[in-house]
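A short write-up of the structure that comes next.
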Ligand SMILES: *Cc1c(COP(=O)(O)O)cnc(C)c1O
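In our numbering, the protein residues as written are 9 to 366.
Okay, structure coming up:
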């Protein structure tokens, strides 16, 4: 890929910034966005930062029909020195390319996209909220734009990066949620697209999510699609259990999405000399551990919430109450440490954060 000049067209009509106390997730977008196009003749071309605005596509654009699209999610923070800081952005861009590969979308230059993202963040610095727990959510996405009804990879794509200031996931403090185990619907299977961040994986989960919500649960716990026996994920998060002092998370199996938060938690636990294993874990094993009084903590892990403690797990025939519906000590430590590193309040011994220089 040839490095081409980034064109910046500034928005003259700046929007008022939202009240930091009433920020919701992904409802408000900043003044600018990054866009870049792909054609089979030119490769990726015309990188631009332009005013955030609707885009125009023909109804025949392939993304509307066969769902050829991928996305990412990461956050920018203002650290204690007042600088813009990212958390492991290379991991997200690497994963974007893995998703591209799975969805037959041409690869991007991770290095170039990171440099364009940094330019966008510098321009939008005033949009990064600074209150405790807030951040600027970054959503890169790629869609198939060729006008054609052929069931085949598109010849044209558009990559965009949009930014949204987000409030604290826990405005009233971190609190455990209730989860329902999903026995019918499947999120992903081996050989499918579960390891990619691609649109259809999420809309396919809405039925189960609604079922759980109708019964008063916050999220669903997904089981493996083949035997409906092994635990995979919770909602759009990876899952961890602390059983008799050992932390267990399902091993990557070609249907679980490999989270950056998951990876960071495993590394942190190893650094803390906490016993942590990636392996298959069945619902039966979890149930046994619970009855033996050995299930100490459970939590989901992902960029949006960082960690989300599970206080209650609802199965077909019983409800498990975990740690008396209290946030566990280890869950709490992981939350404090990761958010501390992300915002620069704690030292970063792993080199996870990346300052945006300007
Ligand atoms: C994004 C995502 C995660 C968490 O990944 P992070 O990189 O930690 O944000 C977990 N599971 C699914 C299905 C996801 O889409």
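Note that beta-carbon positions come from the ideal geometry of N, C-alpha and C, so glycine has one too.
Q) Which parts of the segment 31–93 are runs of the beta strand (DSSP E), unbroken and 3 residues or longer, counting only runs that do not cross its ends? A) Complete beta strand (DSSP E) runs here, min 3: 40–47, 51–59, 77–79, 82–86.
Q. Is residue 9 helix, strand or coil by DSSP?
A. Low local confidence applies: a pLDDT of 47 at residue 9 is under 50, so the model's placement there is unreliable, with the coordinate-based value given in what follows. Of the three classes helix, strand and coil, the one that applies to residue 9 here is coil, per DSSP.
Q. Could you check where the alpha helix (DSSP H) with residue 339 kicks off and where it finishes?
A. Segment 337–351, the alpha helix (DSSP H) holding residue 339.
Q) Is the distance from the Cβ of residue 251 to the Cβ of residue 37 below 9 Å? A) No, they are not a contact pair.
Q: Mind checking who residue 143 pairs with in its DSSP beta bridge?
A: The secondary-structure analysis by DSSP pairs residue 143 across a beta bridge with 174.
Q. Three-state secondary structure (DSSP) at residue 161?
A. Correct three-state label for residue 161: coil.
Q) With respect to the alpha helix (DSSP H) encompassing residue 273, which residues constitute its N-terminal and C-terminal limits? A) Here the alpha helix (DSSP H) through residue 273 covers 268–279.
Q) Secondary structure at residue 324, three-state DSSP: helix, strand or coil? A) In this structure, residue 324 counts as coil in the three-state DSSP scheme.
Q: Check the C-beta distance from residue 263 over to residue 210 and give it rounded, since I have them as a contact under 8 Å.
A: No, residue 263 and residue 210 are not in contact; Cβ-Cβ is about 15 Å, not under 8 Å.
(Q) To the nearest angstrom, how far is the alpha carbon of residue 304 from that of residue 267? (A) Rounded to the nearest angstrom, the two C-alpha atoms are 23 Å apart.
Q) Among all the DSSP beta bridges, which residues are the ones paired with residue 306? A) DSSP lists 249 as the beta-bridge partner residues of residue 306.
Q.
Contact defined as beta carbons within less than 8 Å: I believe residue 320 pairs with residue 150. What is the distance between those atoms, to the nearest angstrom?
A. About 38 Å; that fails the 8 Å criterion.
(Q) At a cut-off of 8 Å, would you count residue 229 as near ligand 1, judging by its Cβ distance to the nearest heavy atom? (A) Exclusion of residue 229 from the 8 Å shell around ligand 1 follows from its C-beta lying no nearer than that to any non-hydrogen atom of the ligand.
Q | Where residue 101 sits in the DSSP three-state scheme | A | Shown here, residue 101 sits in a helix according to DSSP, grouped into three states.
Q.
Below 8 Å on the Cβ atoms is my contact criterion, and I expect residue 93 with residue 347 to pass it. Report the Cβ-Cβ distance as a whole number of Å.
A. Contact between residue 93 and residue 347 does not hold, since the beta-carbon distance rounds to 12 Å and is not under 8 Å.
Q) In three-state DSSP terms, what is residue 238? A) Strand at residue 238.
Q: Pull up the distance between the alpha-carbon of residue 231 and that of residue 166, whole angstroms please.
A: Going by the C-alpha atoms only, they are around 34 Å apart.
Q. Do the CB positions of residue 335 and residue 183 come within less than 9 Å of each other?
A. Closer than 9 Å, so yes.
(Q) Applying the 10 Å Cβ sphere with the 16-neighbour rule, what's the burial state of residue 52? (A) Residue 52 comes out buried.
Q: Answer yes or no: the CB of residue 278 versus the heavy atoms of ligand 1, is any distance below 8 Å?
A: The closest heavy atom of ligand 1 lies 8 Å or more from the beta carbon of residue 278.
Q | Neighbourhood of residue 163 by C-beta distance below 6 Å, restricted to the same chain and skipping five residues each side | A | Cβ neighbours of residue 163 within its own chain (closer than 6 Å, five residues either side excluded): 48, 154.
Q) Can you pull the DSSP bridge partners for residue 316? A) Assignment of beta-bridge partners to residue 316 by DSSP yields 308.
Q) From what residue to what residue does the beta strand (DSSP E) around residue 186 run? A) First-last of the beta strand (DSSP E) with residue 186: 185–189.
Q.
Taking contact to mean 3 or more Cβ pairs, one atom from each stretch, closer than 8 Å, check whether the segment 113–124 and the segment 17–35 are in contact.
A. Judged by pairs of C-beta atoms under 8 Å, the segment 113–124 does not touch the segment 17–35, as fewer than three such pairs exist.
Q. What are the boundary residues of the beta strand (DSSP E) that includes residue 286?
A. For residue 286, the uninterrupted beta strand (DSSP E) run begins and ends at 284–286, by DSSP.
Q) Expressed to the nearest angstrom, what Euclidean distance is found between the alpha-carbon atoms of residue 207 and residue 227? A) If I take the Cα positions, the gap works out to 18 Å.
Q: Kindly give me the distance between the Cβ atoms of residue 195 and residue 241, rounded to whole angstroms, as I take these residues to be in contact under 8 Å.
A: Yes, they are in contact, since the Cβ atoms of residue 195 and residue 241 sit about 7 Å apart, within 8 Å.
Q. Does the beta carbon of residue 128 fall short of 8 Å from some heavy atom of ligand 1?
A. For ligand 1, not one heavy atom lies less than 8 Å from the Cβ of residue 128.
Q.
I want to check one thing, is the minimum distance from the CB of residue 261 to the heavy atoms of ligand 1 below 8 Å?
A. Checking the Cβ of residue 261 against ligand 1 gives no.
Q | residue 268 CB to nearest heavy atom of ligand 1 below 8 Å | A | Relative to ligand 1, the nearest heavy atom lies less than 8 Å away from the CB of residue 268.
Q. Quick one: is residue 33 buried, meaning 16 or more other Cβ sit within 10 Å of its Cβ, or exposed?
A. Around the beta carbon of residue 33, a 10 Å sphere encloses fewer than 16 other beta carbons of the protein chains shown; the residue is thus reported as exposed.
Q: Compute the Euclidean distance between the alpha carbons of residue 344 and residue 282, then round it to the nearest angstrom.
A: Residue 344 and residue 282 have their alpha carbons spaced roughly 16 Å apart.
Q) Out of 316, 136, 105, 109, which has the shortest C-alpha to C-alpha gap to residue 339? A) Answer by Cα proximity: 316.
Q: Please state whether DSSP places residue 363 in a helix, a strand or coil.
A: DSSP, read as helix, strand or coil, puts residue 363 in strand.
(Q) For a test of the three-state rule: what should DSSP assign to residue 126, helix, strand or coil? (A) Reduced to three states, the DSSP call for residue 126 is helix.
Q. Would you say residue 152 and residue 41 are within 9 Å of each other, going by their C-beta atoms?
A. Against a cut-off of 9 Å, the Cβ pair of residue 41 and residue 152 comes out as no contact.
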